[in-house]
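All remarks here apply to the structure that follows.
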Amino acid sequence: MIWLLAAQRFPPPEFTETGHKLPGFLAPLPRGPWMEHFDVIVLLMALALASWLALRGRSRRGLVALGTFSVMYFGFWRKGCICSIGSIQNIAQGLADSSFGVPATVLAFGLAPLVFALLFGRVFCSSVCPHGALQDLMLIKPVKVPVWLEHGLRLIPYMYLGLAMIFAATGGGYIICQYDPFVTIFRFSGSALMVSCGIELLVFGMFIGRPYCRFLCPYGVILGMASNVAKWRVRITPDTCTQCRLCEQSCPFDAINPATIETPSRTVKTDKRRLAAMILLLPLLLVSGGWLGGLTGKRLAHKHRTVSLAERIYLEETGKATDTTDASAAFRATGAPVENLYADAQSVRDRYVLAGRWCGVWIALVAGGKLISLAIRRKRYDYEADQTRCVACARCFKSCPQELQRLGLPVPEGAPLAPPNSPAIF
Amino acid sequence: MKRRDFFLNAVRSATMVGLGGLFASFVHKAKADGKVWQIDPWKCTQCGLCATECVLEQSAVKCVHSFDICGYCRLCTGYFEPQPNSLNTAAENQLCPTGAIFRTFVEDPYYEYTINEPLCVGCAKCVKGCTMFGNGSLHLQIRHNVCVHCNECSIARACPADAIHRVPVDQPYKFKSRGEQV
Chain A
0 MIWLLAAQRF
10 PPPEFTETGH
20 KLPGFLAPLP
30 RGPWMEHFDV
40 IVLLMALALA
50 SWLALRGRSR
60 RGLVALGTFS
70 VMYFGFWRKG
80 CICSIGSIQN
90 IAQGLADSSF
100 GVPATVLAFG
110 LAPLVFALLF
120 GRVFCSSVCP
130 HGALQDLMLI
140 KPVKVPVWLE
150 HGLRLIPYMY
160 LGLAMIFAAT
170 GGGYIICQYD
180 PFVTIFRFSG
190 SALMVSCGIE
200 LLVFGMFIGR
210 PYCRFLCPYG
220 VILGMASNVA
230 KWRVRITPDT
240 CTQCRLCEQS
250 CPFDAINPAT
260 IETPSRTVKT
270 DKRRLAAMIL
280 LLPLLLVSGG
290 WLGGLTGKRL
300 AHKHRTVSLA
310 ERIYLEETGK
320 ATDTTDASAA
330 FRATGAPVEN
340 LYADAQSVRD
350 RYVLAGRWCG
360 VWIALVAGGK
370 LISLAIRRKR
380 YDYEADQTRC
390 VACARCFKSC
400 PQELQRLGLP
410 VPEGAPLAPP
420 NSPAIF
Chain B
0 MKRRDFFLNA
10 VRSATMVGLG
20 GLFASFVHKA
30 KADGKVWQID
40 PWKCTQCGLC
50 ATECVLEQSA
60 VKCVHSFDIC
70 GYCRLCTGYF
80 EPQPNSLNTA
90 AENQLCPTGA
100 IFRTFVEDPY
110 YEYTINEPLC
120 VGCAKCVKGC
130 TMFGNGSLHL
140 QIRHNVCVHC
150 NECSIARACP
160 ADAIHRVPVD
170 QPYKFKSRGE
180 QV
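Take a look at the structure:
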């Protein structure tokens, strides 16, 4: 046998005396692929059950039970990975880099809740997502967030989504996973920062309904958009809405749109003017968003492994740094030419600038769309669940007197009921 | 309302078709098999971050031993502290902070070194000693019965040598072996 090993300093012995046999390798295998497929099946069944419970069964109790199961199975048992929220990063990286393979399990976790949202709304959030279900179970005394704050904070997930997509698509890491507050709770371990974030969010979540889902979750953004074109929707009343206003306070997530009262005519003109101004403002926002995004992308590129390594090597090459870091020493040990590293870093930086521009345009579009939607006054005759925000938790159902009547429960005194022959939706 | 319904149906169907196309294109690329994280022992620089960066309380990275490369040295630089008092198994002579390496006599002058994995914390102290002065038969690997398979491995994120990558699930280890070149 010819020794090719550079580090082969001591020839291995022959053991002529004892005839000692070399022990082999222990190689404990990962979970088999069928276990991964089983997870997908559990996910699909949970999604189907959640859809039925939210839309047809109208059972809050059932959703709570399913939510508990999801927290136990996807959370504590499966330790939170792979989750649908994180899987969108794999998909983004797979789209940006064709050599990066995305396993079918990850794809299924990323796309199945989306397909269900297109059909039934955000049933995934209600009780299948372990993050959502955990917060839903923790909520004990909901406090209403002021409207202006609610509207402002609701924009954060859009930005978070944009940023996460930049980092994932450029190969700069998965920030959704890195800054996931609840996975540390499912694993009973993690960095001190993320563990404290998780506990704080849970404590907040006792009073402010689902803080992560509403003000952070990037996947919720996508599901919210899909939910807007959903075929079947969560309805507060099983019958017809009598505008009794009893459901008004029942939603802890501010996801009920009240029926509009007749608008005073004097505001219509100012409204129109405001709307025109906002529409004219949009192109300006988009351009400045793209520009700012490009600049931000350039800054963010410093966080990328290759770029920071190239910067470090440049410092060492030019004599501005005399010591080495672990990373630069490891790079030197490979013997790769410095020029290649610089070229790689430049291409990474270019990709960041491009991705940053798109992200800037996206954030500007969201902000502009928000301004426009605030300027539009839509007529609504019924109290409805907001398609984007409703997470199908089923809390509002029992506040509706029609629902109580349907279930044969006592209806609060004086609550207006629809005439008995009104067309039933279910 | 008819027009609105038509619009919603169109958007929904288009999105569904798009998602279907996305799924098909990924699966078509024949990369639908699972992936797990693994360390390339040839890239590893024994920096010690594996012991601290794993999301688990005790790292899923363990030291493994390629016996076919091992020189079965009496003075093992992966087992003994630099300049040990004497070449015996007394704790003060051992490099391993948790005493996870067992030294057994085979025949003169050869000793066999075995890792007790439940004790190993993946600190790579022994790997460093073995790689610097010995044959480099001790190396680190992610143990898949311990690993929780995070979507993004937090050790990979921290690794200064970029030695940790996703590997196909049917070849989950990268053991060092005889005849392999750097």
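Just so you know, the sequences run in chain order A and B.
Residues 0 to 425 in numbering that gives the first Met the number 0 are what the first sequence spells out, letter by letter.
Residues 0 to 181 in numbering that gives the first Met the number 0 are what the second sequence spells out, letter by letter.
Even for Gly, the Cβ is constructed at its ideal location relative to N, Cα and C.
Since we're looking at a predicted model, the values are computed, not measured.
(request) Kindly say whether G85 of chain A, judged by its beta-carbon, lies nearer than 8 Å to any beta-carbon of chain B. (result) Here the question's residue 85 of chain A lines up with position 86 in the first sequence. Cβ-Cβ to chain B under 8 Å: yes for G85 of chain A.
(message) Would you say Y172 of chain B lies against chain A (beta-carbon separation less than 8 Å)?
(response) Here residue 172 of chain B corresponds to residue number 173 of the second sequence, with the count starting at 1. Chain A contact via Cβ: present.
(message) Using only CA atoms, which one of B:Y109, B:V145 and B:H148 lies nearest to P12 of chain A?
(response) Along the first sequence, read from residue 1 onward, the residue named residue 12 of chain A stands at position 13. Measuring from the Cα of P12 of chain A, the nearest candidate turns out to be B:Y109.
(request) Mind checking which residues open and close the beta strand (DSSP E) that includes Q7 of chain A? (result) Position 8 of the first sequence, counted from the first residue, corresponds to residue 7 of chain A. Premise fails: Q7 of chain A is in no beta strand (DSSP E) and is neither H nor E.
(request) In angstroms with no decimal places, state the Cα-to-Cα distance between P237 of chain A and F214 of chain A. (result) As a working mapping, residue 237 of chain A is identified with position 238 in the first sequence. As a working mapping, residue 214 of chain A is identified with position 215 in the first sequence. C-alpha separation (whole angstroms): 30 Å.
(request) Can you give me, in chain order, the residues of the stretch 39 to 62 of chain B that have a beta carbon less than 7 Å from any beta carbon in chain A? (result) T44, C46, V54, L55 and E56
(request) Would you grab the beta carbon distance between R186 of chain A and G79 of chain A for me? Rounded to a whole angstrom, and I think it's under 8 Å. (result) As a first step, residue 186 of chain A must be located in the first sequence, where it is residue number 187. As a first step, residue 79 of chain A must be located in the first sequence, where it is residue number 80. Correct: roughly 7 Å between the Cβ atoms.
(message) Please state the DSSP three-state secondary structure of T103 of chain B.
(response) The residue you call residue 103 of chain B lines up with position 104 of the second sequence. Correct three-state label for T103 of chain B: strand.
(request) Spell out whether any CB of chain A is found under 8 Å from the CB atom of T14 of chain B. (result) On the second sequence, residue 14 of chain B is found 15 positions in, with the first residue counted as 1. Yes, T14 of chain B counts as interfacial toward chain A.
(request) Please specify which runs of the alpha helix (DSSP H), each continuous and at least 4 residues long, are wholly inside the stretch 96 to 167 of chain B, giving them in chain order. (result) 124 to 132 and 153 to 157
(message) Considering only their Cβ atoms, is the gap separating P129 of chain A from F37 of chain A smaller than 8 Å?
(response) Locating residue 37 of chain A in the first sequence gives position 38, where the first residue counts as 1. Locating residue 129 of chain A in the first sequence gives position 130, where the first residue counts as 1. No. Outside cutoff.
(message) Tell me the DSSP secondary structure of C53 of chain B in three-state form.
(response) Residue numbering aside, residue 53 of chain B sits at position 54 when the second sequence is read from its first letter. C53 of chain B falls in the coil class under three-state DSSP.
(request) Output, in chain order, the set of chain A residues within a Cβ distance shorter than 7 Å of H164 of chain B. (result) Against the second sequence, residue 164 of chain B aligns to sequence position 165. Per Cβ cutoff of 7 Å: no residues; H164 of chain B is ~11 Å from chain A at best.
(request) Would you give the residue range spanned by the beta strand (DSSP E) that Q37 of chain B belongs to? (result) Taking the first residue of the second sequence as position 1, residue 37 of chain B is located at position 38. Run containing Q37 of chain B: K34 to I38, per the beta strand (DSSP E) assignment.
(message) Between the alpha carbons of A162 of chain B and K34 of chain B, how many angstroms are there, rounded?
(response) On the second sequence, position 163 is the one that residue 162 of chain B refers to. On the second sequence, position 35 is the one that residue 34 of chain B refers to. Cα-Cα distance, rounded: 16 Å.
(request) Between the Cα of C49 of chain B and those of B:P171, B:C146 and B:D169, spot the shortest distance and give me the residue it belongs to. (result) As a working note, residue 49 of chain B is residue 50 in the second sequence. C49 of chain B has its Cα closest to that of B:C146, out of B:P171, B:C146 and B:D169.
(message) Pairs of beta-carbons, one from the stretch 175 to 194 of chain A and one from the stretch 137 to 144 of chain A, closer than 8 Å: are there three or more?
(response) no
(message) My output table needs one value for N92 of chain B: the three-state DSSP class, helix, strand or coil.
(response) Locating residue 92 of chain B in the second sequence gives position 93, counting from the first residue. Of the three classes helix, strand and coil, the one that applies to N92 of chain B here is helix, per DSSP.
(message) Quick check: G133 of chain B and F9 of chain A, are their CB atoms within less than 8 Å of each other?
(response) Numbered from its first residue, the second sequence carries residue 133 of chain B at position 134. Numbered from its first residue, the first sequence carries residue 9 of chain A at position 10. The answer is yes: Cβ separation under 8 Å.
(request) Entirely within the stretch 152 to 230 of chain A and at least 4 residues each: give me those alpha helix (DSSP H) ranges in chain order. (result) 155 to 168, 174 to 177, 182 to 186, 191 to 204, 210 to 214 and 217 to 226
(message) Just verifying my parser: in three-state terms, what is the DSSP assignment at K61 of chain B?
(response) Within the second sequence, residue 61 of chain B is the residue found at index 62, counting from 1. In this structure, K61 of chain B counts as strand in the three-state DSSP scheme.
(request) Check whether the Cβ atoms of A393 of chain A and R59 of chain A lie closer than 8 Å to each other. (result) Here the question's residue 393 of chain A lines up with position 394 in the first sequence. Here the question's residue 59 of chain A lines up with position 60 in the first sequence. A contact, by the Cβ cut-off of 8 Å.
(request) State buried or exposed for V286 of chain A, treating a residue as buried only when at least 16 other CB atoms are found within 10 Å of its CB. (result) For the purposes of this step, residue 286 of chain A is taken as the residue at position 287 of the first sequence. Exposed: under 16 other Cβ atoms inside 10 Å.
(request) Mind the definition here: the stretch 146 to 162 of chain A touches the stretch 341 to 353 of chain A only if three or more C-beta pairs lie below 8 Å; say whether that holds. (result) no
(request) Find out if the Cβ-Cβ distance for the pair G288 of chain A, A363 of chain A is shorter than 8 Å. (result) Sequence index remark: in the first sequence, residue 288 of chain A carries index 289 (1-based). Sequence index remark: in the first sequence, residue 363 of chain A carries index 364 (1-based). Their beta carbons are under 8 Å apart, which means G288 of chain A touches A363 of chain A by this criterion.
(request) Identify the continuous alpha helix (DSSP H) that holds Y19 of chain B and give its terminal residues. (result) As a first step, residue 19 of chain B must be located in the second sequence, where it is residue number 20. First, the residue type needs correcting, since residue 19 of chain B is Gly and not Tyr in the sequence shown. First-last of the alpha helix (DSSP H) with G19 of chain B: K1 to H27.
(message) Is there a C-beta anywhere in chain B that falls below 8 Å from the one on P210 of chain A?
(response) As a first step, residue 210 of chain A must be located in the first sequence, where it is residue number 211. No - not a single Cβ of chain B is within 8 Å of the one on P210 of chain A.
(request) Return the first residue and the last residue of the alpha helix (DSSP H) that Y351 of chain A is part of. (result) One-based indexing of the first sequence puts residue 351 of chain A at position 352. Taken as a continuous stretch (DSSP letters only), the alpha helix (DSSP H) holding Y351 of chain A covers V337 to A374.
(message) One question on the structure: do T333 of chain A and G223 of chain A come within less than 8 Å of each other, judged by their Cβ atoms?
(response) Counting from 1 along the first sequence, the entry for residue 333 of chain A is found at position 334. Counting from 1 along the first sequence, the entry for residue 223 of chain A is found at position 224. Cβ distance not < 8 Å, so T333 of chain A and G223 of chain A don't count as in contact.
(request) Note down, in chain order, all residues in the stretch 226 to 243 of chain A with a beta-carbon under 9 Å from any beta-carbon belonging to chain B. (result) N227, V228, A229 and K230
(message) Please list the terminal residues of the continuous alpha helix (DSSP H) segment that includes F115 of chain A.
(response) As a first step, residue 115 of chain A is located in the first sequence; it is residue number 116 there, counting from the start. Unbroken alpha helix (DSSP H) run through F115 of chain A: A103 to F119.
(message) If I measure Cβ to Cβ from G293 of chain A and keep anything under 6 Å in the same chain, skipping five residues before and after, which residues do I get?
(response) One-based indexing of the first sequence puts residue 293 of chain A at position 294. Correct list, in chain order: V352, G355 and R356.
(request) Just mark S346 of chain A as buried or exposed, buried being the case when its beta carbon has 16 or more other beta carbons within 10 Å. (result) What you label residue 346 of chain A is simply residue 347 of the first sequence in a count that begins at 1. When all chains shown are included, S346 of chain A counts as exposed.
(message) Report the CB separation of C399 of chain A from C246 of chain A in whole angstroms; it is logged as a contact under 8 Å.
(response) Locating residue 399 of chain A in the first sequence gives position 400, where the first residue counts as 1. Locating residue 246 of chain A in the first sequence gives position 247, where the first residue counts as 1. Contact flag correct, Cβ pair sits at about 6 Å.
(request) Could you check the C-alpha separation between V39 of chain A and I87 of chain A for me, to the nearest Å? (result) Along the first sequence, one-based indexing puts residue 39 of chain A at 40. Along the first sequence, one-based indexing puts residue 87 of chain A at 88. Computed Cα separation, rounded: 16 Å.
(request) Say whether chain A places a C-beta atom closer than 8 Å to the C-beta of I68 of chain B. (result) Working through the second sequence from its first residue, we reach residue 68 of chain B at position 69. Answer yes: the Cβ-Cβ gap between I68 of chain B and chain A drops below 8 Å somewhere.
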